[in-house]
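Below you'll find the structure, written out as structure tokens, and then a few comments.
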């Protein structure tokens, strides 16, 4: 098989950091709200996308970024038909972007009850387990329809220790029955983790049961949050992790242990975690892959988006920071993973080789069982016509 060209390499992806409840279609939210008599701040999809996006905000923060969730989450919460529909649509949207495998994350406890009318009275009520089963069923149906694979990562909520206990029990019960991992999400600046707390207990339990672990850390918080995630929570992957560049010893540790970094370019700007694309810490993470054995001129050509695929001009070292490119919350960012790949390609100036490496990184760092993971890697090697 011929090697993919620069533009073709954008067509096949693996995504590890995608919040299902942050990836709803604006059209679906509007449609469901109307059918339930729920009044939203705006009444059409275009305006709704503008409303939930922080793109025009001057005072950006993670707290500000998360505020719109309180508006649209009640539209789907507690409604099995809405949750099922959104799960199927999620699969279709991923397939349309050329994503072979996705790990969709969500907190079942946040989706148990919703709003049924304009008076904001409580609507349906589901248990967290019912939410999980409804979403997993929708994802499985979507995967059958669109020929892709999607698994679930269940999220604990910072500031809510009870969520850790409930989440780990669900992870244990449905491990390899649609669920592949556990996560902690929320505002690092407001809710810290303490040694021996319920979150630490849950993650150590996950480790004992062979349940994979990722943690949101070093996004709005400091590099120390990343260190704590590794030491206290036995994290195998870090969601975001941009502040890693502030701690050289920790950076070397992450590099040595090959801790995977789930990079989400657009959301990192909208949350205020990074000041600009030009000065983005992830650029340094990506540069670490360029081979120091090559001449500066050859590596310079790679950074100028050399459009041909793997060759003498661009190589990667085996040791380096392990990262992938992800969308995070495509509704609030108004950017899917295909857009994120194009951003890295066009705005950061990294060519097909970097993007392909990110895709293979994601496959190797996925939480799939080993046999399924190897099959995913084999599929990528066949599509790209090479081993990476």
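In the numbering used here, the protein residues as written are 152 to 539.
Beta carbons are placed, not taken as given, at the ideal position from N, Cα and C, and that holds for glycine.
Could you check the C-alpha separation between residue 531 and residue 370 for me, to the nearest Å? 30 Å
When the cut-off is 8 Å and only beta carbons count, does residue 238 lie next to chain D? Structure shown: chain D not included; a single protein chain is present.
What residues match up with residue 257 in a beta bridge as DSSP calls it? 305
Since residue 475 is in the alpha helix (DSSP H), which residue starts that stretch and which ends it? Element bounds for residue 475: not the alpha helix (DSSP H) but the beta strand (DSSP E), 473 to 476.
Taking the beta carbon of residue 521 as the centre, do at least 16 other beta carbons fall within 10 Å, making it buried, or is it exposed? exposed
Residues near residue 341 in its chain [Cβ-Cβ closer than 8 Å; skip 5 each side]: Cβ neighbours of residue 341 beyond the five flanking positions: 214, 309 and 310.
So who's on the other strand from residue 413, going by DSSP bridges? In the DSSP output, where bridge partners are listed per residue, residue 413 has 390 and 475.
Could you round the C-beta distance between residue 226 and residue 174 to whole angstroms and report it? I think they count as a contact, below 8 Å. With a Cβ gap of about 14 Å, residue 226 and residue 174 do not count as contacting.
Can you tell me which of the three DSSP states residue 210 falls into? In the structure shown, the three-state DSSP call for residue 210 is coil.
For a test of the three-state rule: what should DSSP assign to residue 485, helix, strand or coil? coil
Do you know offhand how far residue 205's Cα is from residue 483's? 7 Å
Less than 8 Å between the CB atoms is what I'm expecting for residue 384 and residue 474, so what's the real figure, rounded? Rounded, the Cβ-Cβ distance is 20 Å, inconsistent with contact.
DSSP three-state call for residue 169: helix, strand or coil? strand
Helix, strand or coil for residue 194, going by three-state DSSP, please let me know. coil
DSSP-derived helix/strand/coil call for residue 569: Here the chain covers residues 152 to 539 and nothing more, so residue 569 does not appear.
Do residue 335 and residue 366 come within 8 Å of each other at the CB atom, strictly closer than that value? yes
Does the region 320 to 329 come within contact of the region 281 to 291, defined as at least 3 CB pairs closer than 8 Å? yes
Ordered along the chain, which non-local residues of its own chain (more than five positions away) have a Cβ less than 6 Å from that of residue 431? If the five residues before and after residue 431 are omitted, its C-beta is found closer than 6 Å to the C-beta atoms of 425, all from its own chain and listed in chain order.
Simplified DSSP state of residue 276, which is helix, strand or coil: strand
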